[in-house]
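There are 2 protein chains.
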Amino acid sequence: MQQTGRQIVLAARPTGIPKSTDFREEEVAVPEPGDGEVLLATNYLSLDPYMRGRMDDRKSYSTPTPIGGVMEGDVVAEVIRSRHPDYRIGDKVLARLGWRTHAVSNGAGLTKLDSRFSPVTTALGVLGMPGLTAYTGLLTIGKPRANETVVVAAASGPVGSLVGQIAKIKGARAVGIAGGTQKCAFVRNELGFDAVIDHRSPRFAEELAAACPNGIDVYFELVGGRVWHAVMPLLNEFARVPVCGLIAQYNSSGQPDGPDRLPATMREVLSRSLTLRGFIVREFWDQRPTFLGEVSTWMSEGRVRFREDIVKGLANAPEAFIGMLEGTNFGKLVVEIDEG
Amino acid sequence: MQQTGRQIVLAARPTGIPKSTDFREEEVAVPEPGDGEVLLATNYLSLDPYMRGRMDDRKSYSTPTPIGGVMEGDVVAEVIRSRHPDYRIGDKVLARLGWRTHAVSNGAGLTKLDSRFSPVTTALGVLGMPGLTAYTGLLTIGKPRANETVVVAAASGPVGSLVGQIAKIKGARAVGIAGGTQKCAFVRNELGFDAVIDHRSPRFAEELAAACPNGIDVYFELVGGRVWHAVMPLLNEFARVPVCGLIAQYNSSGQPDGPDRLPATMREVLSRSLTLRGFIVREFWDQRPTFLGEVSTWMSEGRVRFREDIVKGLANAPEAFIGMLEGTNFGKLVVEIDEG
C-alpha cells in the first residue's frame, strides 16, 4: 500500500515580496525506508526569514534552492517506521527535511529531541536555531555590559525577543522596536523590555532617540533599511553591531537610488570606533549545549518568555511565510502538519 | 630681548581639497618659561592625513581646530630653556605643539625620546603614531594568519608600508596598492610586498583580483572610495577590515549621488560574516612599549624599512600637507624647522 505525502516546491524566483504562485504544492509517494533508515513524518515546520534568501539566485552563504526544488527548512518530525538501530517509532527528532510531510533519513543530520524541553516546538524557536542566534550573536559579538543600552528590532519575534530578555539578564537596558500596538504591548509588558518603539510611528527616529538617552551600545541588526538609518546616529563610541539579518532588504533587488550612504557610514565606523560583524549561526554551533542549559534554566525561572504563532496545514505555509516577511505574524512562526 | 617665533593657523575652513589661503603664517613673540616650565623649539613637525578632519567643523572623534587656531600636530622638539627639574637643555621630546616654532610646556604630554632610536624623526613615523597605528590595527583587529592575504592601500606611506611588512613577518601574503610607477617599485622591491597594484591603472579592479587569487582575508582600510569598492567583492568569509582612515573621502562633503551602496554592503557583511572595525590609535596606546620593542628589533634586523619625505621650513608646511592629500609626497611627510 503506497501512502501519499505532500511537499511545497519553489515554482518561480520571486521579484520583491514572494507571491503564492512562486510556490507549488505537489503530491508525492511516501518513500520506503531501506535497511539502516527511518521514515519520518513532519509534525512542525519552522518558517524563518533566511528562507527568502534561498529563493534568490544570487551568491550568498548557502546554495540557492533550485526551481522545482523542495523549499528548505527545519522541522520537528516523528519516526513512524524504523529500520535503524538507534531510532524507535515515536522518537521525536529535529531534522532539515524542508517543506514536506514525509522523508526518509539514514540518521545523518538528525538531532533527537530531549523530552525535558516542552512544548516540542521550542526546538524550532527559543531553544532552536533562532534562540541560538540571539544567544550567541548577543553574547559573543554584542557583549553587553551592565547599564549599557541594547536595541533590537523585530522585538516580538523569536530572535529579537530573546536578545532583549538576555540583555536584561546581563544588566543592560533593552529597547525593542516592533510593528503595531499589540506587539509593542507584548514586548513591554510580557517580555519586560525597558522601552519599545513602534516603527510605524511617523516620529519613529525621534522616539527611538528619546528612548535611548545614553545612546546605543549594542544594536542587534535583524532588519536593515530605515531602522538602521535611525540607529546609526545614536551609536556610542565602541558600539557593537552583530549583523544577523536584513529582513527589510530581502525583497529588494538591485541597488536603490542615492544618495550613496556608504561613505558617511564608513566615516561613522571610523570616527566612533564601531564594530560591524556579520554572522551566520552555524559559526557558533559549538555553543549549543551551553545555550540549551542556560536558556532552559532562564525559562524555568520565568526570566525568558516566548510566543509562538502556529498555523495549521502545510498548504498554508506559503501564505504564512509571505505574511511573516510583511510583518503580519506575531511570535515564532510554525506550521503544524496535521495530516499523517 | 624678546625672540620672535612663527606659527601657522587655520585661516578658513576648506571645502574639498584645502587651498594655501586656508592657512596663515603669523609671527608671534616666543614666550618665557615660568617656574616649572620649559621652552621648546620645534625641530620636526609631522604632517598626517587625520589633520584634514580637524579643519572641518563636523562632529568627529576630536574637537575641530577653531578658525585662527594653531594647526594641531605632533613634533619632535628640543628643550632650549628649562625651569623644570626633569628637563635639561638639549633634551629631545615628542610633544603635541602643533604647527609652530616654539612653545612653553609644564611637562604634561611630553615624552622624552630615547636616543637609541635614530634618526629622531622615526618618533613621528615608523616608531611613532603612524607605526603604532599600523601595528595595533593589524595585529589586534586584522589578526593575520600564515598564508592569509593582507591588502593595504597607501602602501608606500608610513602606515601602509608597516602594515605590509608586519603581515609578511607574520607569514601572510602582502598586497599593496600605491599610486605611480616609482611608489609601486619601492613597495615591491624595497619593502618586499608580494604584489603591488597601481591604483591609477584603468584596469585596477581586475589587477587587484588577479593579485589576490585566494581572496582577501584582511583589508587594512586607509583610503575608502573606489579602492574599497574593488576590495569588497574579494573579501573572504570571516575577513577582517580595520578601518583606520578614509583619505579619499576627507575632501568630500555631503553625501555623493547614488546608487546607494549601503544595502549591498550590509548584505555582504552578513552573508560573508565580515568584521568592520573602526579604530583610533589612542585606544591602543598601552601597547606602545611592546610595539617599540618589536618594531625597533625588526628594523635592526633589516625586516622593517621605512622612507621619509622631509620638507624644509615651516612656511612650506601648507603646500606639503595639500600635496600629501593629493598623493604627491612619497614616504612619511615631515617638516624640518630650520629656523631657531
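Those protein sequences? They're chains A and B, same order as listed.
Following our numbering, the numbering of the first sequence begins with 1 at its first residue and continues without gaps.
Following our numbering, the numbering of the second sequence begins with 1001 at its first residue and continues without gaps.
The C-beta atom is built at its ideal place from N, Cα and C for all residues, glycine as well.
Values in this document were obtained by computation on a predicted structure and should not be read as measured data.
Same chain, Cβ closer than 6 Å to residue i, neighbours up to 5 away in sequence not counted
i	result
Asn-236 of chain A	Gly-215 and Asp-217
Glu-319 of chain A	none
Gly-224 of chain A	Leu-246, Ala-248 and Gln-249
Leu-39 of chain A	Pro-33, Ile-80, Arg-81 and Val-104
Gln-287 of chain A	Thr-136
Asp-1198 of chain B	Cys-1184
Met-1299 of chain B	none
Ala-205 of chain A	Ala-230
Asp-1035 of chain B	Arg-1083
Exposure of residue i, with buried meaning 16 or more beta-carbon neighbours within 10 Å
i	result
Ile-166 of chain A	buried
Pro-1359 of chain B	The requested residue 1359 of chain B does not occur in the structure, where chain B is confined to residues 1001 to 1340.
Trp-1285 of chain B	exposed
Arg-173 of chain A	buried
Ala-103 of chain A	buried
Arg-1203 of chain B	exposed
Asp-309 of chain A	buried
Ile-17 of chain A	exposed
Glu-1032 of chain B	exposed
Gly-5 of chain A	buried
Lys-92 of chain A	buried
Lys-1168 of chain B	buried
Met-232 of chain A	buried
Ala-1230 of chain B	buried
Glu-26 of chain A	exposed
Ser-1190 of chain B	Checking the sequence shown, residue 1190 of chain B turns out to be Glu, not Ser. It counts as exposed.
Ala-185 of chain A	exposed
Arg-145 of chain A	exposed
Thr-1121 of chain B	buried
Pro-1289 of chain B	exposed
Pro-1014 of chain B	buried
Thr-1065 of chain B	buried
Ala-1178 of chain B	buried
C-beta atoms of residue i and residue j nearer than 9 Å
i	j	result
Arg-1100 of chain B	Val-1028 of chain B	yes
Cys-1244 of chain B	Thr-1140 of chain B	no
Leu-124 of chain A	Val-159 of chain A	no
Gln-1249 of chain B	Gly-258 of chain A	no
Gly-107 of chain A	Glu-37 of chain A	yes
Lys-1183 of chain B	Ala-1153 of chain B	no
Gly-366 of chain A	Ile-337 of chain A	Here chain A comprises residues numbered 1 to 340, so residue 366 of chain A is not present and cannot be evaluated.
Gly-128 of chain A	Ser-252 of chain A	no
Val-295 of chain A	Gly-131 of chain A	yes
Ile-1008 of chain B	Met-1071 of chain B	yes
Val-335 of chain A	Tyr-44 of chain A	yes
Phe-306 of chain A	Leu-162 of chain A	yes
Leu-1222 of chain B	Gly-1180 of chain B	no
Arg-1267 of chain B	Asp-260 of chain A	no
Thr-265 of chain A	Thr-1265 of chain B	yes
Beta-carbon contacts of residue i that lie in its chain and below 7 Å, excluding the five residues immediately before and after
i	result
Gly-1109 of chain B	Ala-1095 and Arg-1096
Gly-176 of chain A	Val-152, Ala-155, Gly-160, Gly-164, Val-187, Phe-193 and Val-196
Leu-1292 of chain B	Leu-1127
Arg-88 of chain A	Val-79 and Ser-82
Gly-137 of chain A	Phe-220, Pro-242, Cys-244 and Phe-279
Ala-1317 of chain B	Ile-1008, Leu-1045, Leu-1047, Trp-1099 and Val-1335
Ala-1041 of chain B	Ala-1077, Glu-1078, Ile-1080, Thr-1101, His-1102 and Gly-1340
Residues near residue i in its chain [Cβ-Cβ closer than 8 Å; skip 5 each side]
i	result
Lys-1143 of chain B	Val-1218 and Arg-1240
Ala-11 of chain A	Thr-21, Asp-22, Phe-23, Arg-24, Ile-67 and Gly-68
Ser-1201 of chain B	Glu-1207
Ser-115 of chain A	Lys-92
Gly-73 of chain A	Leu-45, Ser-46, Leu-47, Asp-48, Met-51, Arg-96, Leu-97, Gly-98 and Trp-99
beta-carbon residue i near the ligand ADP non-hydrogen atom, thresh 8 Å
i	result
Phe-1204 of chain B	Annotation note on the ligand ADP: not contained in the displayed structure, which lists no ligands.
Exercise. When the Cβ atoms of the stretch 1275-1290 of chain B are set against those of the stretch 270-288 of chain A, are three or more pairs found closer than 8 Å?
Worked result: The stretch 1275-1290 of chain B is in contact with the stretch 270-288 of chain A.
Exercise. For the stretch 328-337 of chain A against the stretch 21-36 of chain A, are there 3 or more C-beta pairs whose distance is under 8 Å?
Worked result: The stretch 328-337 of chain A makes no contact with the stretch 21-36 of chain A: fewer than 3 CB pairs, one atom from each, lie closer than 8 Å.
For this session: Note down, in chain order, all residues in the stretch 277-293 of chain A with a beta-carbon under 9 Å from any beta-carbon belonging to chain B.
Result: Residues Arg-277, Gly-278, Phe-279, Ile-280 and Glu-283.
For this session: Decide yes or no for the touch test of the stretch 78-92 of chain A against the stretch 45-65 of chain A: beta carbon pairs closer than 8 Å, at least 3 of them.
Result: No: fewer than three Cβ pairs fall under 8 Å.
For this session: Please confirm if the stretch 1202-1210 of chain B is in contact with the stretch 1307-1327 of chain B, defined as three or more CB-CB distances below 8 Å between the two stretches.
Result: The stretch 1202-1210 of chain B vs the stretch 1307-1327 of chain B: no contact.
Exercise. If you measure beta-carbon to beta-carbon, which residues of the stretch 1170-1185 of chain B are closer than 7 Å to chain A?
Worked result: The stretch 1170-1185 of chain B vs chain A, Cβ under 7 Å: nothing.
Problem set entry | Residues of the stretch 1215-1230 of chain B whose Cβ lies closer than 7 Å to any Cβ of chain A, in chain order | Residues Gly-1224.
Exercise. The stretch 1256-1279 of chain B: which residues have C-beta closer than 9 Å to a C-beta of chain A, in chain order?
Worked result: Under the 9 Å Cβ criterion, the stretch 1256-1279 of chain B contributes Pro-1256, Asp-1257, Gly-1258, Pro-1259, Asp-1260, Arg-1261, Leu-1262, Pro-1263, Ala-1264, Thr-1265, Met-1266, Arg-1267, Glu-1268, Val-1269, Leu-1270, Ser-1271, Arg-1272, Ser-1273, Leu-1274, Thr-1275, Leu-1276, Arg-1277, Gly-1278 and Phe-1279.
Exercise. Any residues in the stretch 1241-1253 of chain B with a beta carbon nearer than 8 Å to a beta carbon of chain A? Which ones, in chain order?
Worked result: When C-beta distances to chain A are compared with 8 Å, the residues of the stretch 1241-1253 of chain B below that value are Val-1243, Cys-1244, Gly-1245, Leu-1246, Gln-1249 and Ser-1252, in chain order.
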